[in-house]
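See structure below.
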Amino acid sequence: MSRFWSAGVADLTPYVPGEQPQMQRLIKLNTNENPYGPSPRVLAAIRDALGSDAEALKLYPDPDARRFKQAIATRFGLEVANVHVGNGSDEVLANVFQGLLKHDKPILYPDITYSFYPVYCGLYGVAFETVPLSDTFEIRAEDYRKPNGGIIFPNPNAPTGRAIALGEIERVLTDNAGSVVVIDEAYIDFGGETAAGLIAKYPNLLVVQTLSKSRSLAGLRLGFAIGHPDLIEALERVKNSFNSYPLDRLAQAAGVAAIEDEVYFEQTRQAVIASREALVERMTALGFEVLPSKANFVFARHPAHDAAQLAAALRERAIIVRHFKNARVAQFLRITVGTDAECETFTDALKEILAG
Ligand code: PMP
Numbered sequence: 235m236s237r238f239w240s241a242g243v244a245d246l247t248p249y250v251p252g253e254q255p256q257m258q259r260l261i262k263l264n265t266n267e268n269p270y271g272p273s274p275r276v277l278a279a280i281r282d283a284l285g286s287d288a289e290a291l292k293l294y295p296d297p298d299a300r301r302f303k304q305a306i307a308t309r310f311g312l313e314v315a316n317v318h319v320g321n322g323s324d325e326v327l328a329n330v331f332q333g334l335l336k337h338d339k340p341i342l343y344p345d346i347t348y349s350f351y352p353v354y355c356g357l358y359g360v361a362f363e364t365v366p367l368s369d370t371f372e373i374r375a376e377d378y379r380k381p382n383g384g385i386i387f388p389n390p391n392a393p394t395g396r397a398i399a400l401g402e403i404e405r406v407l408t409d410n411a412g413s414v415v416v417i418d419e420a421y422i423d424f425g426g427e428t429a430a431g432l433i434a435k436y437p438n439l440l441v442v443q444t445l446s447k448s449r450s451l452a453g454l455r456l457g458f459a460i461g462h463p464d465l466i467e468a469l470e471r472v473k474n475s476f477n478s479y480p481l482d483r484l485a486q487a488a489g490v491a492a493i494e495d496e497v498y499f500e501q502t503r504q505a506v507i508a509s510r511e512a513l514v515e516r517m518t519a520l521g522f523e524v525l526p527s528k529a530n531f532v533f534a535r536h537p538a539h540d541a542a543q544l545a546a547a548l549r550e551r552a553i554i555v556r557h558f559k560n561a562r563v564a565q566f567l568r569i570t571v572g573t574d575a576e577c578e579t580f581t582d583a584l585k586e587i588l589a590g
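Everything in the sequence shown is counted per our numbering, starting at 235 for the first residue and increasing by one.
Pasting the structure below:
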């Protein structure tokens with residue numbers, strides 16, 4: 235705290251990201267990165283964009299990222315006017331909270347969900363109300379039938395990994411035709427049903443996706459939102475009042491290549507899904523209760539072992555997973571699906587710890 239701070243800064247509660255150790259040789263299963271690298275076409279595109287002497291870097295990038303937006307529009311059968319892009323979907327979400335979710339009534343989101351939502355509410359002065367997940371940690375459409383200034387939830391939800399069906403999302407959209415409904419699809423490519431196909435039908439739907447997970451580009455920071463042009467225009471206005479160039483030249487070139495390489499995308503996402511199913515089977519055999527996951531992580535608890543202690547014991551074996559302190563899920567661990575070899579090292583370590 236300093237007298238130089240602007241009003242309100244002392245009252246912010248910043249988001250605390252998962253640990254990102256930059257040096258150690260750890261098995262890193264704590265922040266839902268993809269265990270496979272990005273498409274080789276991404277690296278080629280970055281080299282291309284750089285040119286032979288890095289001359290290209292002296293020039294500003296395209297402020298509208300048109301080629302990247304066009305690649306996204308083409309993939310989803312939409313127009314460029316339906317697409318907003320940002321520096322990771324976190325930045326896109328920030329623009330959403332500021333540009334579309336600040337109204338008189340509180341917005342709604344689940345009690346157990348992405349912990350950045352309350353942070354944005356604090357930053358932008360957005361009133362919110364949380365809606366409890368069911369006893370089995372599911373989002374239920376009927377719980378969102380009450381006055382609100384907007385609705386946001388991830389599908390699949392984080393950190394539970396549970397997905398809801400498209401029909402349920404349509405119910406939320408029709409029950410709330412007067413509100414923006416934001417579906418945060420950070421993990422959609424690992425088995426959920428995207429709501430992207432509903433955009434033409436519902437002008438109040440905004441779908442947010444990221445290239446950090448299924449496209450293995452967490453390090454480049456690329457995310458996007460798709461929806462009716464009126465929603466996109468609000469996001470563009472916010473973006474252009476904050477930063478003309480949130481995506482650098484290399485990221486834009488990489489984004490196009492990543493979206494266009496459908497073959498690599500399909501291979502790697504199927505590999506992650508297969509590893510997840512094997513991981514769930516092995517953890518279940520060890521006595522864990524694992525929530526059904528459509529994401530690239532699983533959320534699990536053991537009836538006889540404290541989650542914080544398990545996380546600490548794993549860390550001693552150079553494996554890091556995520557543990558949240560929220561009372562309702564304090565006995566759960568969130569484990570990112572790694573390669574098959576990493577998952578096996580993880581379950582072998584669990585076996586040893588449980589045998590204690
Ligand atoms: N939404 C959800 C639900 C997430 O878990 C994450 C990853 N922390 C994000 C959005 C943001 O991802 P990124 O900024 O890397 O696109």
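Cβ coordinates follow ideal geometry from the N, Cα and C atoms, glycine included.
Give the DSSP-derived three-state secondary structure of residue i in the structure shown.
i	result
residue 457	strand
residue 302	helix
residue 476	coil
residue 350	coil
residue 463	helix
residue 600	The chain is shown only over 235 to 590; residue 600 falls outside these bounds and no answer can be derived.
residue 556	strand
residue 314	helix
residue 417	strand
residue 523	strand
residue 584	helix
Which residue comes first and which comes last in the beta strand (DSSP E) that contains residue i?
i	result
residue 362	362 to 365
residue 443	439 to 444
residue 343	341 to 344
Excluding the 5 residues preceding and the 5 following residue i in the sequence, name in chain order all residues of the same chain whose CB lies nearer than 7 Å to its CB.
i	result
residue 465	334, 414 and 440
residue 312	433 and 460
Let's see if you can read the secondary structure: which residues bound the alpha helix (DSSP H) around residue i?
i	result
residue 535	Careful: residue 535 lies outside any alpha helix (DSSP H), inside the beta strand (DSSP E) at 531 to 535.
residue 331	322 to 334
residue 277	274 to 284
residue 428	Neither: residue 428 is in no alpha helix (DSSP H) and is coded neither H nor E.
residue 405	400 to 409
residue 483	483 to 494
In its own chain, which residues sit with a C-beta less than 8 Å from the C-beta of residue i, not counting the 5 before and 5 after it?
i	result
residue 261	552, 553, 554, 572, 576, 579 and 580
Do you know how far the Cα of residue j is from the Cα of residue i?
i	j	result
residue 527	residue 514	9 Å
residue 472	residue 329	6 Å
residue 253	residue 545	13 Å
residue 289	residue 556	42 Å
residue 421	residue 507	11 Å
residue 355	residue 246	10 Å
residue 369	residue 346	12 Å
residue 380	residue 564	29 Å
residue 282	residue 302	15 Å
residue 402	residue 391	14 Å
Measure the Cβ-Cβ separation of residue i and residue j and say whether it is below 8 Å.
i	j	result
residue 566	residue 531	no
residue 485	residue 456	yes
residue 263	residue 460	no
residue 419	residue 389	yes
residue 336	residue 358	yes
Within its chain, find whatever has a CB closer than 6 Å to the CB of residue i; leave out the 5 residues flanking it on each side and keep chain order.
i	result
residue 491	275, 276 and 279
Consider the Cβ of residue i: report whether some Cβ of chain B lies at a distance smaller than 8 Å.
i	result
residue 530	This model lacks chain B altogether, as it is built from one protein chain only.
Residues surrounding the ligand ZN [beta-carbon distance to nearest heavy atom under 6 Å] = For the structure depicted, the ligand ZN is absent and the ligand set comprises only the ligand PMP.
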